[in-house]
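Here the structure is laid out as structure tokens; the discussion comes afterwards.
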Amino acid sequence: MSVAEKAPESGARPDRARAPRFTDDSGRRVPGWELVLRYVLLTAVLVLTVGPFVWQLSTSFKGPTEDIFSSPPKFLPGHPTLHNYERVSETIPVWDYALNSLKVAAANVVTNCVGSALAGYALARLRYRGRRAAALVFVLAMLVPAEGIVIAQFTTMRELGLNNTLIGVVLPGSIAAMNVLLMRNAFLNLPYEIEEAAYVDGADVWQRFLRIALPSVKGTLAVVAIFAFMGAWDDFLWPLIVLSDPSRFTLTIGLNYLHGTFANDERLVAAGTIIAVAPLIALFACLQRYFFRGVGEGAVKG
Numbered sequence: 001m002s003v004a005e006k007a008p009e010s011g012a013r014p015d016r017a018r019a020p021r022f023t024d025d026s027g028r029r030v031p032g033w034e035l036v037l038r039y040v041l042l043t044a045v046l047v048l049t050v051g052p053f054v055w056q057l058s059t060s061f062k063g064p065t066e067d068i069f070s071s072p073p074k075f076l077p078g079h080p081t082l083h084n085y086e087r088v089s090e091t092i093p094v095w096d097y098a099l100n101s102l103k104v105a106a107a108n109v110v111t112n113c114v115g116s117a118l119a120g121y122a123l124a125r126l127r128y129r130g131r132r133a134a135a136l137v138f139v140l141a142m143l144v145p146a147e148g149i150v151i152a153q154f155t156t157m158r159e160l161g162l163n164n165t166l167i168g169v170v171l172p173g174s175i176a177a178m179n180v181l182l183m184r185n186a187f188l189n190l191p192y193e194i195e196e197a198a199y200v201d202g203a204d205v206w207q208r209f210l211r212i213a214l215p216s217v218k219g220t221l222a223v224v225a226i227f228a229f230m231g232a233w234d235d236f237l238w239p240l241i242v243l244s245d246p247s248r249f250t251l252t253i254g255l256n257y258l259h260g261t262f263a264n265d266e267r268l269v270a271a272g273t274i275i276a277v278a279p280l281i282a283l284f285a286c287l288q289r290y291f292f293r294g295v296g297e298g299a300v301k302g
């Protein structure tokens, strides 16, 4: 038998159907049992995280004749209605409270973005004596619980005449230590060669900051904006201590009246909760593209 005739016999065997292979980010093959375990854990976390919100959303659309405490719970309302949202606006001035919260949150976003960017750039890029000590002060500030200094903050606001004002609500959280460290880490990740080239071309510190450094950390700025907005919008303890005039109440304080003297209906509480959460969802939906990029910018280096 010639070599040409033997070639087909010694050729490659027909391809067998292979089972699909699942690999992680590092290229390691993931066993089937591990893949199943991962999805089970993700499903459990999803249920624990999203489940309460879905129940609140469903309850806010249920009418007065539907049982909201049935077992097992019914997530789909039998007769959806918006009457609960109308009752919320009739029970409390919810839109005035929401406007006050929006003012506080917007001011908090502006002060945190501006102040954190300036402080973070100074800690990361400027050369001066005591820079490491200043960074350590911000780290230590994160370890102090807010409840431990609330009396000192209240006394300070009273001495400044800012009690019962929205400025008094904004001022203590105008610049958060965590946001400063996020911006510092983001600026540290930028290559020095770019700024050195700008310095050779005659750019001063402000020009390097505004035209080179700041546009490169838009993602981290989005993270700071989201954190600042959420912190101010969801804050309950500090506005409750500072504010005494009902016309200046924020939304978190105003929603407390839905479960007390004026009303005691879980449907109203659920509708008020959805009104309070909706702006946060809208904000994250608009900035999510920058958010995930910014987490990486501000968390690569310590």
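Per UniProt numbering, residue 1 is the first one in the sequence shown, and the count goes up by one each step. In this text, a Cβ means the ideal position worked out from N, Cα and C, and glycines have one as well. All figures in this text were calculated on a predicted structure; none of them were measured in a lab.
Worksheet item: Applying the criterion that 16 or more other CB atoms from any shown protein chain within 10 Å of the CB defines a buried residue, is residue 31 buried or exposed?
Response: For the purposes of this step, residue 31 is taken as the residue at position 31 of the sequence shown. Residue 31 is exposed by the Cβ-count criterion.
Worksheet item: From this set, 96, 205, 230 and 139, which residue's C-alpha is nearest residue 250's C-alpha?
Response: As a working note, residue 250 is residue 250 in the sequence shown. It is 96.
Worksheet entry | Reduced DSSP category for residue 23 - H, G, I as helix; E, B as strand; rest coil | As a working note, residue 23 is residue 23 in the sequence shown. In this structure, residue 23 counts as strand in the three-state DSSP scheme.
Discussion item. So residue 182 and residue 223 are supposed to be a Cβ contact under 8 Å. How far apart are they, rounded?
Written reply: Locating residue 182 in the sequence shown gives position 182, where the first residue counts as 1. Locating residue 223 in the sequence shown gives position 223, where the first residue counts as 1. Indeed they touch by this definition, with Cβ atoms about 6 Å apart.
Discussion item. Quick test of your reading: residue 88 and residue 275, contact by CB under 8 Å. State the CB separation rounded to the nearest angstrom.
Written reply: Numbered from 1 along the sequence shown, position 88 holds the residue referred to as residue 88. Numbered from 1 along the sequence shown, position 275 holds the residue referred to as residue 275. Between residue 275 and residue 88 the Cβ distance is about 7 Å, and since that is below 8 Å, they are a contact.
Worksheet item: Taking the alpha-carbon positions, what's the residue 81 to residue 281 distance?
Response: Within the sequence shown, the letter at position 81 stands for residue 81. Within the sequence shown, the letter at position 281 stands for residue 281. Roughly 22 Å separates the two Cα atoms.
Worksheet item: According to DSSP, what are the bridge partners of residue 259?
Response: Counting from one through the sequence shown, the residue named residue 259 turns up at place 259. 264, per the DSSP bridge assignment.
Item to complete: Provide the residue(s) that pair with residue 29 in DSSP beta bridges, ordered along the chain.
Response: Position 29 of the sequence shown, counted from the first residue, corresponds to residue 29. Residue 29 is bridged to 23.
Fill in: Buried versus exposed, by CB contacts within 10 Å (16 or more), residue 113
Counting from one through the sequence shown, the residue named residue 113 turns up at place 113. Under this definition residue 113 is a buried residue.
Discussion item. Taking only three categories from DSSP, how would you classify residue 164?
Written reply: Locating residue 164 in the sequence shown gives position 164, where the first residue counts as 1. It is coil, neither helix nor strand.
Practice prompt. Report the option in 120, 39, 248 and 116 whose CA atom is closest to the CA atom of residue 167.
Written response: In the sequence shown, the residue the question calls residue 167 occupies position 167. With distances taken between Cα atoms, residue 167 lies closest to 248.
Discussion item. Quick check: what's the CA-CA separation for residue 201 versus residue 285?
Written reply: Within the sequence shown, the letter at position 201 stands for residue 201. Within the sequence shown, the letter at position 285 stands for residue 285. Taking the straight line joining both Cα atoms gives about 40 Å.
Worksheet item: Buried or exposed: where does residue 210 fall if 16 or more other Cβ atoms within 10 Å of its Cβ makes it buried?
Response: For this step, residue 210 is matched to residue 210 along the sequence shown. It counts as exposed.
Item to complete: Would you verify that the beta carbon of residue 177 is, or is not, closer than 8 Å to some beta carbon of chain D?
Response: Of the chains in the structure shown, none is chain D; there is only one protein chain.
Discussion item. I need the DSSP call for residue 300, collapsed to helix, strand or coil.
Written reply: Locating residue 300 in the sequence shown gives position 300, where the first residue counts as 1. Low confidence applies to residue 300: its pLDDT is 44, below 50, so where it sits in the model is not reliable, and the reading given next is rough at best. Of the three classes helix, strand and coil, the one that applies to residue 300 here is coil, per DSSP.
Worksheet item: With burial defined as no fewer than 16 other Cβ atoms inside 10 Å of the residue's Cβ, what is the status of residue 235: buried or exposed?
Response: Within the sequence shown, numbered from 1, the residue matching residue 235 stands at position 235. With 16 or more other Cβ atoms within 10 Å, it is buried.
Worksheet item: Out of 78, 43, 84 and 28, which has the shortest C-alpha to C-alpha gap to residue 270?
Response: Residue numbering aside, residue 270 sits at position 270 when the sequence shown is read from its first letter. Comparing Cα-Cα distances from residue 270 to each of 78, 43, 84 and 28, the minimum goes to 84.
Worksheet item: Is any heavy atom of the ligand MG found at a distance shorter than 7 Å from the C-beta of residue 187?
Response: Only the bare structure without any ligand can be found here, which leaves the ligand MG out of the picture.
Fill in: the region 108 to 122 / the region 169 to 178 touching (three or more Cβ pairs under 8 Å)
yes
Worksheet item: Among 239, 68, 291 and 283, which residue has its Cα nearest to the Cα of residue 100?
Response: Within the sequence shown, the letter at position 100 stands for residue 100. Comparing Cα-Cα distances from residue 100 to each of 239, 68, 291 and 283, the minimum goes to 239.
Worksheet item: Roughly how many whole angstroms lie between the Cα atoms of residue 220 and residue 72?
Response: Taking the sequence shown and counting its residues from 1, the one referred to as residue 220 is at position 220. Taking the sequence shown and counting its residues from 1, the one referred to as residue 72 is at position 72. Their Cα atoms are separated by approximately 43 Å.
Practice prompt. Report the residue from 46, 36 and 64 whose alpha carbon sits nearest the alpha carbon of residue 267.
Written response: Here residue 267 corresponds to residue number 267 of the sequence shown, with the count starting at 1. For the residues 46, 36 and 64, the minimum Cα distance to residue 267 belongs to 64.
Fill in: Continuous alpha helix (DSSP H) assignments of at least 4 residues falling wholly in the region 214 to 253
218 to 234 and 237 to 242
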